[in-house]
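A.B. asks: The structure that follows is given in the form of structure tokens.
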Amino acid sequence: MAERTSPLINTATTLGKVVAFFLGSAVAGALVAGTMVPLAVGASKATEVAAGAYDSIEIPTENAAIAQPSTLLDREGNVLAKFFVQNRKSVSLKNISPWMQKAIISIEDERFYEHGGVDARGIARALVSNLSGAGKQGASTITQQYVANLNVNNQQAEGRSEDEIARNGNKDISDKVKEIKWANEIETKMSKDQILQGYLNLVPFAGATYGVEAASERWFSKSAKDLNIAEAALLAGMVQRPTLYNPEVNPKAATQRRNVVLGAMLKTGAITRDEYNKAVKSKIAIDPSEDTSGCATAEGAAYFCQYVFNEVKLNPIFGKTVQERQSLLFRGGLTIKTTLDPRLQKAAETQVVKTVPIGDPGGLGAALVTRENSTGEVLAMAQNTKFGTGKGKTKNQYTQYNFTADSAHGGSGGFQGGSTAKPWTALAWIEAGHSMNDAVDAKRDDYGPTTQWKASCVYGGTVQAQWANLGNSINGMKKSMSAKYGLYWSVNTATVAEAYKLDTCKIAAQAERLGLLEGQRVTVAKRDEQNQVVYETNKAGKKVVATETVAVTPKVLASPGPSFVLGSQNVTPLAQARAFSTFAQEGVQCENTVLLEVKQRNGKLINLPETECKRLYDKEVIDELNGTLTQIAKLRIVKGSFGASVGGKTGTNNNASSTWFAGYTSGLTTVSWFGNKDGTVKKGLNNGAELRGAKMYGKDSMTFAGPLWTQYMAKVYDLYPHETIERTDLASPSATGGKAASTGTGTGKGTGSGSGSTKSADPSSSAKSTDGTKSTDSTKSPEKTKEPEKTKTPEKTKEPVKTKQPEKTKTPEKTKD
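Per my numbering, the sequence shown starts with residue 1, numbered consecutively.
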């Protein structure tokens, strides 16, 4: 620890320390009444020098707010977690047991109500004792201890290191004299009771426990107003050396110290001889309970808690810097009411664990996230793990990563979206003037190496890329069909046929518009200005593709070719929930929010900005898309499990290592995810992933993600209002037809400007994704069913008002293998 040198006197030697103590004592004796009375005639020159130095010492005119824990609540007011560096509950003196007041005065400052800021008699007694070797005694009054602790609090609030903070054992003479002057001055501004109350709320106990109320709850699980004589004496004894006299750690030492305090109380007349005898003979009877700082105490809601923690850390409304925001959270005594609905949260926790038990050795994950569409409020966030590092625990039981969130909010960066990406192409298709009734050539399953894909955001306006041996998950689907039929059955060859007719940059732009690319980063093949892949020589002298990690943009998605249209891009469940809520809201999207109200320690509210809601698509575009998405949800997923109007899209990536259902009612959007929680893609539900000890083959989004969504939503959907989702041109499971589409923009051959690669994907990543068990035409075709009737529903209420909120800080997300 760095030595702190006094500006008044060198305290490095024993003699220097003695002289320093004497000088401080002389000054204290002259100023015992708390006024600047001149020193007596005949005072030594040394004392005059000390007094002059004393006059020059500055004391704070304002003090930092005393550190108080911040409390996180759900929307019903239930405590989720606390954040603190000092666990403290400030109370008034009338709510502190009289025995506690008498105990602390008896042992720390028996003449507290008789002297000023300093006690000359006490200083003299301590000086004689210390210099004679009779024993070390302190001379600080309760007032001096109070200002000393105020000083520590001020320095901590400034962000000083422990080496820089003036604590006992790390103080020099200037610190002592500063405390004397400060104590004298504070006695002119505060009553004795006010000083005692402040001291008892400020004083440190063991660990992170500060103040007598928190200490009483910590060791006796009761309020400080209910402490008896023996309990009060125990806590008063801890003040001198909190760690040594911690009754949990050192019960023998704590008992001895308690008895010393009881003796002092008897001596001062605070207790009678009978009360002393009874208390001193009693055994320590503690009933410990401990508050923990952080999200671990939130149990199943810990990942939501972590999301809120990061939101506060990132949001400039809570301070100019991250350090200021964290200081406010851990010291500012905020009461933060969040959007979490405990009814939905409990149901979500139950359902994910029912789907995959916590700690299942197969390493599979399940997650649910729900938001309210019209407000953007996140209502539930659950996954099948415990929050923490889990040292020594079951391998797959613990993680600190939030499966549903971006990396800036504690997430792992998401998972491949699979066929949940197919609505991007459908949106671009509709906006390009096509109809979901238009026919597409889903027979074509091979796009040769010279195929040109229109990509207006890439140099030259096209990308040359091959896509060979395209497969579908359902047998018999390589045929001409309408776009809505292709989307309903998630036909890969249909989606790629549409992409071939469109500008792939405009398809990628749908993902950006919906907010799915925010914070996403990816490692891709490095390309030059002409979109040619760049090669480099590695240490072994071999020519390899150069790679770089970049933010995901439409250009990054489209540059290698169109493979992204089948869902190779990572997305997070919460981003999916926000995106699909746009379809529930007729083209309007509201930003995510997790905060309902933030109250400061003084009871005043922090002015939170209104959630921003804005129109992303024309209502007619979304109504046409919903003609298909509502049929997918109703006929393939919900199947009558509950009565609300629903929409959504399934999603399965290669090997079914990431499976989804992103679904919505008019009121709520919920996204379910099931797959490899570590993000790996080589083994999944259709090639040997294990659950409950059994290997799985031939599974997809319909196996776990769909039922997970349906069973959860059936329990909670009617807790929030819902209406019929407006849609036009309903998709039919049986009708493949459709009118001929307009001529496409892609060409089979051309000069192009791409890399000339014979693969559709970046050389550094995989390309293909399916929505089913296999990537080839091998399974039975769907049974024909009657086409649902078209219905007309009432228009929804007026579009939400667009409001302004502060720009959020974004941190790059991690990417997966």
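All C-beta atoms, glycine included, are put in the ideal place defined by N, C-alpha and C.
How far does the beta strand (DSSP E) with D438 in it extend, from its first residue to its last?
C.D. replies: Per DSSP, D438 belongs to the beta strand (DSSP E) from D438 to D441.
A.B. asks: Less than 7 Å between the C-beta atoms of I96 and V212, yes or no?
C.D. replies: For I96 and V212, yes; Cβs fall inside 7 Å.
A.B. asks: Report the rounded CA-to-CA distance for G746 versus Q452, giving the unit in angstroms.
C.D. replies: With a pLDDT of 38 at G746, under the threshold of 50, the modelled position of that residue is not reliable, and the figure given next carries that caveat. For G746 and Q452, the distance between alpha carbons rounds to 6 Å.
A.B. asks: In whole angstroms, what separates the C-alpha of W429 from that of A301?
C.D. replies: Rounded to whole angstroms, W429 to A301 spans 40 Å at the Cα level.
A.B. asks: Return the bridge partner residues of E597 from the DSSP annotation.
C.D. replies: Paired residues: K337.
A.B. asks: By alpha-carbon positions, which one of S92, E164 and K337 ends up nearest to Q600?
C.D. replies: When only C-alpha atoms are compared, the closest one is K337.
A.B. asks: Taking 8 Å as the threshold, find out whether the region 362-378 comes into contact with the region 573-593 through three or more Cβ pairs.
C.D. replies: Yes, the region 362-378 touches the region 573-593.
A.B. asks: What number of angstroms, rounded off, separates the C-alpha of Q194 from the C-alpha of E372?
C.D. replies: Answer to the nearest angstrom: the Cα atoms are 48 Å apart.
A.B. asks: For R160 and G411, what's the separation of their Cα atoms in angstroms?
C.D. replies: Roughly 31 Å between the two C-alpha positions.
A.B. asks: Can you name the start and end residues of the alpha helix (DSSP H) that C305 belongs to?
C.D. replies: Unbroken alpha helix (DSSP H) run through C305: A302 to L314.
A.B. asks: Between which two residues does the alpha helix (DSSP H) containing W827 stretch?
C.D. replies: The question about residue 827 has no answer, for the chain in this structure spans 1 to 817.
A.B. asks: Just to confirm, is the Cβ distance from E179 to Q156 under 7 Å?
C.D. replies: Against a cut-off of 7 Å, the Cβ pair of Q156 and E179 comes out as no contact.
A.B. asks: Please report the straight-line C-alpha distance between N402 and R258, rounded to a whole angstrom.
C.D. replies: Straight-line Cα distance between these residues: approximately 47 Å.
A.B. asks: Would you mind stating whether N686 and K695 have Cβ atoms separated by less than 7 Å?
C.D. replies: No; because the gap between Cβ atoms is not below 7 Å, this pair is not in contact.
A.B. asks: Buried or exposed: where does Y500 fall if 16 or more other Cβ atoms within 10 Å of its Cβ makes it buried?
C.D. replies: So Y500 counts as buried.
A.B. asks: Within the region 462-541, note down every full beta strand (DSSP E) run reaching 3 residues or more, in order along the chain.
C.D. replies: Runs found: 462-464, 480-482, 521-525 and 535-537.
A.B. asks: What's the call for G77, buried or exposed, on a 16-neighbour Cβ count within 10 Å?
C.D. replies: Exposed is the call here.
A.B. asks: If I follow the unbroken beta strand (DSSP E) through G648, where does it start and stop?
C.D. replies: Its beta strand (DSSP E) spans residues G647 to T652.
A.B. asks: With respect to the alpha helix (DSSP H) encompassing G706, which residues constitute its N-terminal and C-terminal limits?
C.D. replies: Run containing G706: A705 to V716, per the alpha helix (DSSP H) assignment.
A.B. asks: Can you check DSSP and say which residues form a bridge with Y459?
C.D. replies: DSSP output for Y459 lists no bridge partner at all.
A.B. asks: Could you tell me the boundaries of the alpha helix (DSSP H) in which M100 lies?
C.D. replies: Here the alpha helix (DSSP H) through M100 covers P98 to E108.
A.B. asks: List the residues that DSSP assigns as beta-bridge partners of N676.
C.D. replies: Answer is L364.
A.B. asks: Quick test of your reading: V571 and G706, contact by CB under 8 Å. State the CB separation rounded to the nearest angstrom.
C.D. replies: The pair is not a contact, with the Cβ atoms about 18 Å apart (cut-off 8 Å).
A.B. asks: What alpha helix (DSSP H) runs, 4 residues minimum, are completely inside the region 562-639?
C.D. replies: Entirely contained in the region 562-639, the alpha helix (DSSP H) runs reaching 4 residues are, in chain order, 573-584 and 619-631.
A.B. asks: Where does T141 sit, in a helix, a strand or coil, going by DSSP?
C.D. replies: The answer is coil: DSSP assigns T141 none of H, G, I, E or B.
A.B. asks: Take T297 and list the residues in its own chain whose beta-carbon comes closer than 6 Å to its own, dropping the five residues that flank it on each side.
C.D. replies: Result list for T297: A81, in chain order.
A.B. asks: What residues match up with W660 in a beta bridge as DSSP calls it?
C.D. replies: Paired residue(s): G651 and W673.
A.B. asks: I need the boundaries of the beta strand (DSSP E) containing S70, first residue and last residue.
C.D. replies: First-last of the beta strand (DSSP E) with S70: S70 to L73.
A.B. asks: Return the CA-CA distance between F21 and I173, expressed in angstroms with no decimal places.
C.D. replies: Confidence is the limiting factor: at F21 the pLDDT is only 48, short of 50, which leaves the residue's position unreliable and the question unanswerable from this model.
A.B. asks: From T665, D226, L196 and E248, pick the residue whose C-alpha is nearest to that of W832; which is it?
C.D. replies: Residue 832 falls outside the range modelled here, since the chain spans only 1 to 817, and no answer is possible.
A.B. asks: Measure the Cβ-Cβ separation of K443 and T495 and say whether it is below 7 Å.
C.D. replies: It is not a contact, given that the beta carbons lie outside the stated cut-off.
A.B. asks: What would DSSP say about K281, mapped onto helix, strand or coil?
C.D. replies: Three-state DSSP puts K281 in a helix.
A.B. asks: Could you please give me the residues that DSSP links to F642 through a beta bridge?
C.D. replies: Looking at the DSSP assignment, F642 forms no beta bridge with any residue, so it has no partner.
A.B. asks: Would you kindly work out how many angstroms separate the C-alpha atoms of R513 and L616, rounded to a whole number?
C.D. replies: Their Cα atoms are separated by approximately 7 Å.
A.B. asks: Can you give me the C-alpha to C-alpha distance between I637 and K715, rounded to a whole angstrom?
C.D. replies: If I take the Cα positions, the gap works out to 15 Å.
A.B. asks: Identify the residues that DSSP records as bridge partners of Y398: which are they?
C.D. replies: Y398 pairs with K386.
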